[in-house]
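K.L.:
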Amino acid sequence: MPLPIENLDKLAKKLMLSLQDYSLFCWQTISNVGRAPHYWGDVMTQADLIGVGSLPIVVLTGFFTGAVLALQSAASLAQFGAQAYTGQFVSLSMIRELAPVLTGLMVSGRNASGMASELGSMVVTEQIDAMRALGTDPMKKLVTPRVLSTVIMLFLLTIVSDTVGTAGGAAVAVLISKQNGTQYFTSAYHALVYADIAQGLTKPLFFGFIISTVGCYFGMKTTGGTQGVGRATTQAVVVSSVLIIFSDFILSRAMLWLYSGI
Amino acid sequence: MDDYTEEYTKLDLTKTANLAKDAVVRFENVSIAFDGPPVLENVSFEVAAGETRILLGPAGVGKSVLLKLTNGLLCPDAGSIYLFGQEISHLPEKQLFALRTRTGMVFQEGALFDSLTVRDNVGYQLMERLLPAEEIDQRVHEALRFVELDHTFSMLPSSLSGGMRRRVAIARAIIDQPDLLIYDSPTGGLDPVTSTTINELIVKERDVYKTPALLVTHRLQDAFTMATHTYDSAQSKMVPLPEGQINTNTTFLVLHEGKLIFDGTTQDLVVSNDPFIKEFLA
Chain W
1 MPLPIENLDK LAKKLMLSLQ DYSLFCWQTI SNVGRAPHYW GDVMTQADLI
51 GVGSLPIVVL TGFFTGAVLA LQSAASLAQF GAQAYTGQFV SLSMIRELAP
101 VLTGLMVSGR NASGMASELG SMVVTEQIDA MRALGTDPMK KLVTPRVLST
151 VIMLFLLTIV SDTVGTAGGA AVAVLISKQN GTQYFTSAYH ALVYADIAQG
201 LTKPLFFGFI ISTVGCYFGM KTTGGTQGVG RATTQAVVVS SVLIIFSDFI
251 LSRAMLWLYS GI
Chain X
1 MDDYTEEYTK LDLTKTANLA KDAVVRFENV SIAFDGPPVL ENVSFEVAAG
51 ETRILLGPAG VGKSVLLKLT NGLLCPDAGS IYLFGQEISH LPEKQLFALR
101 TRTGMVFQEG ALFDSLTVRD NVGYQLMERL LPAEEIDQRV HEALRFVELD
151 HTFSMLPSSL SGGMRRRVAI ARAIIDQPDL LIYDSPTGGL DPVTSTTINE
201 LIVKERDVYK TPALLVTHRL QDAFTMATHT YDSAQSKMVP LPEGQINTNT
251 TFLVLHEGKL IFDGTTQDLV VSNDPFIKEF LA
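Chains W and X supply the protein sequences, listed in that same order. Numbering-wise (the numbering used here), the first sequence opens with residue 1 and increments by one. Numbering-wise (the numbering used here), the second sequence opens with residue 1 and increments by one.
1) Given that E126 (chain W) touches chain X, what residues does it touch there, using C-beta distances under 8 Å?
2) Can you find a C-beta in chain W that's less than 8 Å from the C-beta of A171 (chain X)?
3) Would you mind working out which of X:T230, X:F27, X:F153 sits nearest L116 (chain X), comparing C-alpha positions?
4) Answer yes if the region 57 to 71 of chain X comes into contact with the region 96 to 115 of chain X, meaning at least three C-beta pairs across the two stretches below 8 Å, and no otherwise.
5) Tell me the DSSP secondary structure of I81 (chain X) in three-state form.
6) Beta strand (DSSP E) containing M155 (chain X): first to last residue?
7) If we cut at 8 Å on Cβ distances, does A143 (chain X) have a partner in chain W?
8) Using the three-state DSSP reduction, which class does G62 (chain W) fall into: helix, strand or coil?
9) Can a CB atom of chain X be found closer than 8 Å to the CB of D349 (chain W)?
10) For G219 (chain W) and M115 (chain W), which I take to be in contact (beta-carbon distance under 8 Å), what is that distance rounded to the nearest angstrom?
11) Please go through the same chain and pick out, in chain order, the residues whose beta-carbon is closer than 7 Å to the beta-carbon of P242 (chain X), but skip the five residues on each side of it.
12) Identify the contact partners of D137 (chain W) in chain X, using a Cβ-Cβ distance below 8 Å as the criterion.
13) Tell me, to the nearest whole angstrom, how far the beta carbon of F207 (chain W) is from that of G104 (chain W); I am working on the premise that it is less than 8 Å.
14) Quick one: measure Cβ to Cβ for G168 (chain W) and T65 (chain W), integer angstroms, because I've assumed they're closer than 8 Å.
15) For G79 (chain X), which option in X:E134, X:L40, X:R53 has the closest C-alpha, if you only look at C-alpha atoms?
16) Taking only beta-carbon atoms, is Q125 (chain X) less than 8 Å away from chain W?
17) Applying the 10 Å Cβ sphere with the 16-neighbour rule, what's the burial state of S279 (chain W)?
18) Which term fits I277 (chain X), buried or exposed, when burial requires 16 or more other beta carbons within 10 angstroms of its beta carbon?
19) Short of 9 Å Cβ to Cβ, which residues in the region 51 to 78 of chain X face chain W?
20) Can you say whether E200 (chain X) is buried or exposed, counting buried as having 16 or more other CB atoms within 10 angstroms of its CB?
21) To the nearest angstrom, report how far apart G261 (chain W) and D196 (chain W) are at their CA atoms.
22) In or out: E126 (chain W) buried (at least 16 other Cβ within 10 Å) or exposed?
23) G53 (chain W): which of W:I30, W:M153, W:G228, W:H38 sits nearest, CA to CA?
24) Just the C-alpha distance for Q183 (chain W) and L142 (chain W), rounded to the nearest angstrom, thanks.
25) Short check: CB of T150 (chain W) to CB of I245 (chain W), under 8 Å?
26) Please list, in chain order, the chain W residues whose beta carbon lies closer than 7 Å to that of R139 (chain X).
27) Can you check which of these residues, X:D184, X:K210, X:A143, X:P192, is closest to T225 (chain X) by C-alpha distance?
28) Please classify Y250 (chain W) as buried or exposed, where buried requires at least 16 other C-beta atoms within 10 Å of its C-beta.
29) Mind checking who H218 (chain X) pairs with in its DSSP beta bridge?
30) Here's the rule: buried if 16 or more other CB atoms are within 10 angstroms of the residue's CB, otherwise exposed. What is I5 (chain W)?
31) Hey, which unbroken runs of the alpha helix (DSSP H) at 4 residues or more fall wholly within the region 76 to 143 of chain X?
32) Using a Cβ-Cβ cutoff of 8 Å, what residues of the region 213 to 238 of chain W are near chain X? List them in chain order.
33) Which stretch, first to last residue, makes up the alpha helix (DSSP H) that contains L256 (chain W)?
34) For the region 175 to 192 of chain X against the region 206 to 226 of chain X, do three or more pairs of beta-carbon atoms, one drawn from each stretch, fall closer than 8 Å, so that the two count as touching?
35) Tell me which residues share the same chain as D207 (chain X) and place their Cβ nearer than 7 Å to its Cβ, disregarding the 5 neighbours each side in the sequence.
36) Identify the residues that DSSP records as bridge partners of S31 (chain X): which are they?
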C-alpha cells in the first residue's frame, strides 16, 4: 500500500501536469485567433447560442439581485435616515461586483457544462479524430470560436445585467419602499465614476475566457465514454465557478490598486 | 496566400513525385504504449501504390491504434512512419492537417458529425476549402450515388441506420479522391447483408479507382471476400473471381500481442504454420 506522502506526490504531479496542459491549451487558443482559416460563421452561431441563449437567465438573475439589494439596503439605510442612498448602494454593488460575478456564474453553469458535454461527446464518438483526419484543426474550428464569442457576449450580458439590476432596485425602491424614482436614479448615476465602470467591464472579459477555456478544455480531454462526458461536464462547471470567484478577488485587488492606489 | 492554402499548394506540387518514389505508407520498427505494456512493438510493413492491405487480429490487439498512427492521429513512442514518402512521426500537427487531406478515413462507428446533414458531412472537406456550393452539391451527389444513398442528401445522421452511416462515412472518405483509404472495421457490428454491401463498396473503390488502402477487420469472412472477389462494372456488382484465382493486390497483415506476426499474400496466410494464425483461421 503506498504511503500517504507518495499519494500526495502523485497528486501534486497530476495537478502540475494539468495546469501545464491547461496553460498550453489557452496559449494555443489565443494564438489561433490571428491564424487562418477563420471560422466567423461559427463565432456568430456560438454568440447566438451563448449570448442570446443566456439572456433570459441573466435578465432574471440581474433583476432580482438588484431588487433584493434594494430591499435589504433600504431597510438598513432607513435606520440611519439614509434611505436616499439606496440607488447609489445598488448601482455600485451591481456594476462593480455582483453583475459581473453573477452573470459569469450563470453563464458558466449554462455554457461551460454545454461546451464540455458537446465536445466530450464528440471526443468519445471519434468525431474530433474524424475532424483531424479530414484536415481540420479542432482547436481552430471548435475552441477558438467558442472562446471569442463567450468573451464578447459575457461583456455584453454584464451590461444587460447592470441595467436590469439597477432597474430591479428601482422597482423595489419606488413600489415597495415608496422612494422617489428620480432621487433613486440620480443617486445611482452620480455615485458612479470611471473606475467603477472600468472594473465592472474588465472582469467579464477574464470571466468569459475562464468559462470557455475551462469548458472546452475538459470537453477536449474527455476519456471514458459517456460516464467520462458526465464527469467532464461536472468538473467544467465546478472549476470555472471556483476560478471566477478566485479571479474576482485578484482582479478587484488589482483594480483597486490601479485606480485608487489602495 | 495564407498558411493553410500555402501548405495545400506545396503538398499538391510534391504529391505525384512522392507517390512514384515511395511506398504510400511505411512503418519502420514502430512501438507505442499507453500507461502499461506496449500496444505495438517493433511493427514494420509497407503499403505500396495500388495495394490493399488487410490487417487481421483479435479485438484489442492494437489494430485501430495502428490506423491512427498511419495518418498521424497518434504519435509513436519509437520508430518511423512514412506517409506519401514523408516522415510523419515528429511532424507538427499543422503540417499533418494538410497531409491528412490526401487520405480518407472510415472510422469504426462512422464518426459522422451528428449536428450536420449528410450533405455537410460528405462535403465537409470541400466546404473547408470554400468551394462554390453548386460544386459541393454536385460532388456530394456523386459520392452518395457511389454508395447508393443519394436520397439521404438532406438527412441528419441520427435518422440513418448503422449500415447507412458507414456508407455515408465511405462517401465522405472518397469524395476528394484520396491517395490512401484507411478503413477501421467498416463492417463491425453490422448484419451479414449490410456487411456484404459495405464489402462490395470497398472492392468497388479498390477495382474502379485503384486507391491503395489499409483495412482493419476481425471478420475473416469479409477479408477473404475481398481477396476472392472483383467488381464487375458491366454488371455493377461484386462477383467472385474464377476458381483458384485471387486478387494479387490484396495482401494480409496479422497482429498478435502487439507484434506483427504475418505479412504476406492470401496463399501464404492460408498455409501458415504459425499456431496463432492456424487457430485464428480455424
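C-beta atoms are modelled at their ideal positions from N, C-alpha and C, and glycine is treated no differently.
P.N.:
In short:
1) Within the first sequence, numbered from 1, the residue matching residue 126 (chain W) stands at position 126. Under the 8 Å cutoff, chain X gives F107, Q108, E109, A111.
2) Indexing the second sequence from 1 puts residue 171 (chain X) at position 171. Answer no: the Cβ-Cβ gap between A171 (chain X) and chain W never drops below 8 Å.
3) As a working mapping, residue 116 (chain X) is identified with position 116 in the second sequence. Cα-wise, what sits closest to L116 (chain X) is X:F153.
4) yes
5) Along the second sequence, read from residue 1 onward, the residue named residue 81 (chain X) stands at position 81. In this structure, I81 (chain X) counts as strand in the three-state DSSP scheme.
6) Here residue 155 (chain X) refers to the residue found at position 155 of the second sequence. Per DSSP, M155 (chain X) belongs to no beta strand (DSSP E) and is neither H nor E.
7) For the purposes of this step, residue 143 (chain X) is taken as residue 143 along the second sequence, with counting starting at 1. No, A143 (chain X) does not count as interfacial toward chain W.
8) The sequence position of residue 62 (chain W) within the first sequence is 62, counting from 1. Note: G62 (chain W) maps to helix in three-state DSSP.
9) Because chain W is modelled from 1 through 262, residue 349 (chain W) falls outside the range shown and cannot be assessed.
10) Along the first sequence, read from residue 1 onward, the residue named residue 219 (chain W) stands at position 219. Along the first sequence, read from residue 1 onward, the residue named residue 115 (chain W) stands at position 115. Right, the Cβ-Cβ distance comes to about 6 Å (below 8 Å), so this counts as a contact.
11) Reading the second sequence from its first residue, position 242 is the one you call residue 242 (chain X). So no residue of the chain qualifies.
12) As a position in the first sequence, residue 137 (chain W) is number 137, starting the count at 1. Per Cβ cutoff of 8 Å: E93, K94, F97.
13) On the first sequence, position 207 is the one that residue 207 (chain W) refers to. On the first sequence, position 104 is the one that residue 104 (chain W) refers to. So it is a contact: roughly 4 Å between Cβ atoms.
14) Position 168 of the first sequence, counted from the first residue, corresponds to residue 168 (chain W). Position 65 of the first sequence, counted from the first residue, corresponds to residue 65 (chain W). Indeed they touch by this definition, with Cβ atoms about 7 Å apart.
15) Numbered from its first residue, the second sequence carries residue 79 (chain X) at position 79. Here the closest residue by C-alpha is X:L40.
16) Taking the first residue of the second sequence as 1, we reach residue 125 (chain X) at position 125. Taking Cβ atoms only, chain W reaches closer than 8 Å to Q125 (chain X), which makes this a yes.
17) Only positions 1 to 262 of chain W appear in this structure, which leaves residue 279 (chain W) out of reach.
18) The residue labelled residue 277 (chain X) in the question sits at position 277 within the second sequence. Classification of I277 (chain X): buried, given that the 10 Å Cβ count is 16 or more.
19) K68, N71, G72, L73
20) Indexing the second sequence from 1 puts residue 200 (chain X) at position 200. It counts as buried.
21) Sequence index remark: in the first sequence, residue 261 (chain W) carries index 261 (1-based). Sequence index remark: in the first sequence, residue 196 (chain W) carries index 196 (1-based). Whole-angstrom Cα-Cα distance: 14 Å.
22) As a position in the first sequence, residue 126 (chain W) is number 126, starting the count at 1. E126 (chain W) is buried by the Cβ-count criterion.
23) Residue numbering aside, residue 53 (chain W) sits at position 53 when the first sequence is read from its first letter. The residue among W:I30, W:M153, W:G228, W:H38 with its C-alpha nearest the C-alpha of G53 (chain W) is W:M153.
24) Within the first sequence, the letter at position 183 stands for residue 183 (chain W). Within the first sequence, the letter at position 142 stands for residue 142 (chain W). Distance between Q183 (chain W) and L142 (chain W), taken at the CA atoms: about 49 Å.
25) Counting from 1 along the first sequence, the entry for residue 150 (chain W) is found at position 150. Counting from 1 along the first sequence, the entry for residue 245 (chain W) is found at position 245. Their beta carbons are not under 8 Å apart, which means T150 (chain W) does not touch I245 (chain W) by this criterion.
26) Taking the first residue of the second sequence as 1, we reach residue 139 (chain X) at position 139. One finds nothing in chain W with a Cβ atom closer than 7 Å to the Cβ of R139 (chain X); even the nearest lies about 15 Å away.
27) As a first step, residue 225 (chain X) must be located in the second sequence, where it is residue number 225. Closest by alpha carbon: X:P192.
28) By one-based count along the first sequence, residue 250 (chain W) stands at place 250. First, the amino acid is wrong: residue 250 (chain W) is Ile here, not Tyr. Exposed is the call here.
29) Looking up residue 218 (chain X) in the second sequence gives position 218. Note: H218 (chain X) sits in no beta bridge, so no partner.
30) Within the first sequence, residue 5 (chain W) is the residue found at index 5, counting from 1. So I5 (chain W) counts as exposed.
31) 93 to 100, 118 to 122, 124 to 128
32) Among the residues of the region 213 to 238 of chain W, none has a Cβ less than 8 Å away from any Cβ of chain X.
33) Counted from its first residue, the first sequence places residue 256 (chain W) at position 256. Its alpha helix (DSSP H) spans residues 225 to 260.
34) In this structure the region 175 to 192 of chain X touches the region 206 to 226 of chain X; the number of beta carbon pairs closer than 8 Å is three or more.
35) Position 207 of the second sequence, counted from the first residue, corresponds to residue 207 (chain X). Only T230, Y231 meet the Cβ criterion.
36) Reading the second sequence from its first residue, position 31 is the one you call residue 31 (chain X). Per DSSP, X:A78.
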